[in-house]
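The next block holds one structure in the form of structure tokens; read it before the comments.
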Amino acid sequence: MSEYKGIKGFQVQTRSEDPSPTEAQVGDFYYNSTTGQFKTINEGGAPIGTWASGANLNSTRYAVAGTGASNSAALVFGGYTNGPTGATEQYDGSSWTELNDLNQARGYLDGAGTYTAALAFAGLTPPSPGEGETETWNGSSWTEVNDINNVRYNGGGDGTQTSALFFGGTPNPSPSVLTESWDGTSWTEVNDLNTARQGPGAAGTSNTASLAFGGGYPSNTVNTELWDGSSWTEVNNLNTARRNLGGTGTTTSALAYGGRPPNQSVTESWNGTSWTEVADLALARGDSASAGVALSALMAGGYDGATPFENATEVFSADDFQIKTVTQS
Amino acid sequence: MAYKYCTATNWGKNFFTHEERRQFHLSGHPGEVWVVGDNLYGDQWISKVAGAIKTKEEAQAIVTGEIEAAQAAWDALPDEEKTDTNPRPVVYNLP
Numbered sequence: 001m002s003e004y005k006g007i008k009g010f011q012v013q014t015r016s017e018d019p020s021p022t023e024a025q026v027g028d029f030y031y032n033s034t035t036g037q038f039k040t041i042n043e044g045g046a047p048i049g050t051w052a053s054g055a056n057l058n059s060t061r062y063a064v065a066g067t068g069a070s071n072s073a074a075l076v077f078g079g080y081t082n083g084p085t086g087a088t089e090q091y092d093g094s095s096w097t098e099l100n101d102l103n104q105a106r107g108y109l110d111g112a113g114t115y116t117a118a119l120a121f122a123g124l125t126p127p128s129p130g131e132g133e134t135e136t137w138n139g140s141s142w143t144e145v146n147d148i149n150n151v152r153y154n155g156g157g158d159g160t161q162t163s164a165l166f167f168g169g170t171p172n173p174s175p176s177v178l179t180e181s182w183d184g185t186s187w188t189e190v191n192d193l194n195t196a197r198q199g200p201g202a203a204g205t206s207n208t209a210s211l212a213f214g215g216g217y218p219s220n221t222v223n224t225e226l227w228d229g230s231s232w233t234e235v236n237n238l239n240t241a242r243r244n245l246g247g248t249g250t251t252t253s254a255l256a257y258g259g260r261p262p263n264q265s266v267t268e269s270w271n272g273t274s275w276t277e278v279a280d281l282a283l284a285r286g287d288s289a290s291a292g293v294a295l296s297a298l299m300a301g302g303y304d305g306a307t308p309f310e311n312a313t314e315v316f317s318a319d320d321f322q323i324k325t326v327t328q329s
Numbered sequence: 001m002a003y004k005y006c007t008a009t010n011w012g013k014n015f016f017t018h019e020e021r022r023q024f025h026l027s028g029h030p031g032e033v034w035v036v037g038d039n040l041y042g043d044q045w046i047s048k049v050a051g052a053i054k055t056k057e058e059a060q061a062i063v064t065g066e067i068e069a070a071q072a073a074w075d076a077l078p079d080e081e082k083t084d085t086n087p088r089p090v091v092y093n094l095p
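So the protein lines, in turn, are chains S and B.
Here our numbering is used: the first sequence runs in plain steps of one and ends on residue 329.
Here our numbering is used: the second sequence runs in plain steps of one and ends on residue 95.
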């Protein structure tokens, strides 16, 4: 029988407490003398993540936009609650705080940036066929800046306040393949998506690195495309077709969650190559705000199939590493 | 998988935690209906949230009633509001 020393080059370590793992420790096996348990250090990431409830929004709504760096530093704005709203709320991990409204109340808008430097763009304020308005957020108020070129709503958007991308949507055309790039001052039309879609998920950090997934109309799509700053390339598909879903992260580490119709709780993790199903949301819904990154995401508000004005928040968290107790089974 | 059914009001943060989501199945539905994995941890969560236990049939009736009310509201909308972003709600079955 092989001994641990023969495999790893040293004997089983005894620790009085669990370590804060590093990449170099993945695969290590040790004895915790305090708990009397053998333990291993494993890879973590999205596959071990879960959704928990966060504080409820102050303003119930759907078709709402969100942005932010994590599930404890997020901004949501706009949406519908018996009509379009410009309500803006900031989340600190414990509670939502109401701040100054958007100048243009609207739903089905998109957002980019952080909760202190955000960008809101596009949207719908009936009976208008769509909005081109773009607004910048400085941490306390919104300022109108240059409009999108092709007015539309329910597209996908990501990036920062000074480098963002907006793609797809409706009704110009419906569904749209159009893509526009924001450089901090103005929008420029760039190369089209390969697959027209409205309500896509979006993940990305700038106007040169973006991922579009899902969306569609009238049929939902699983199609995923990668933007490299000049063109879209088709990559591996989502497992579950849906539109009006949430999306966060980068082009190499993203999360797709929720969506409709029918309402979805499915969450999928993108590793730069393919999508893998991970832990479900507790509340199946679409048209929600999404914010954060792949290992620290947030979904707030939305539509659950009967109640159009959800105020629920769920937060996704996953550690980089996992310490597991070895049990006999 | 066996489930229990209850109604409970989602108060927000810590209504369900990451640890609880690892311990048992939990899904929320219209009408504040919750489908809960039938194990010790699920039972503890129902107690924590002061859930009112329902049979599956009772829970389904609540969900169906909520969705049918939403359907009636949708049917009453003017045609211009029955848009591609606002499809008619669909009744579904609880697990």
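We treat Cβ as the ideally placed atom computed from N, Cα and C, and that holds for glycine.
| Item | Value |
| --- | --- |
| So A318/S and A300/S are in contact, right, with Cβ under 8 Å, and what is the actual spacing, rounded? | A318/S to A300/S, Cβ: 19 Å. No contact. |
| Take G79/S and list the residues in its own chain whose beta-carbon comes closer than 7 Å to its own, dropping the five residues that flank it on each side. | R61, Y62, A63, V64, T85, G107 and G301 |
| Under 7 Å Cβ-Cβ, which residues of chain B neighbour P262/S? | V90 and Y92 |
| Of the residues that make up the segment 40–67 of chain B, which ones have a beta carbon closer than 7 Å to any beta carbon in chain S? | E66 and I67 |
| Quick one: is F16/B near chain S, going by C-beta distance under 8 Å? | yes |
| Classify Q37/S as helix, strand or coil using the three-state DSSP reduction. | strand |
| Can we say the segment 171–180 of chain S touches the segment 194–210 of chain S, given the rule of at least three CB pairs closer than 8 Å? | yes |
| Can you name, in chain order, every residue of its own chain whose Cβ lies under 6 Å from the Cβ of R242/S, other than the five neighbours on each side? | G214, N220, G259 and Q264 |
| Using 8 Å as the limit for Cβ to Cβ distance, is D84/B near chain S? | yes |
| Quick one: does A70/B have its CB under 8 Å from some CB of chain S? | yes |
| Can you list the residues of chain B that T307/S reaches, using a CB-CB cut of under 8 Å? | P30, E66 and A70 |
| Can you pull the chain B residues whose beta carbon is under 9 Å from the beta carbon of Y108/S, in chain order? | T85 |
| If we count the other Cβ atoms within 10 Å of its Cβ and call it buried at 16 or more, is Q11/S buried or exposed? | exposed |
| Any idea if K324/S is buried or exposed, counting beta-carbon neighbours within 10 angstroms, 16 or more meaning buried? | exposed |
| Classify V326/S: buried if its beta carbon has 16 or more other beta carbons within 10 angstroms, exposed otherwise. | exposed |
| Just to confirm my understanding: we take L281/S, look at its own chain, exclude 5 residues before and 5 after, and list those with CB closer than 7 Å. What are they? | W51, Y257, G258, S265, T267, M299 and E314 |
| Let's see if you can read the secondary structure: which residues bound the beta strand (DSSP E) around E277/S? | W275 to V278 |
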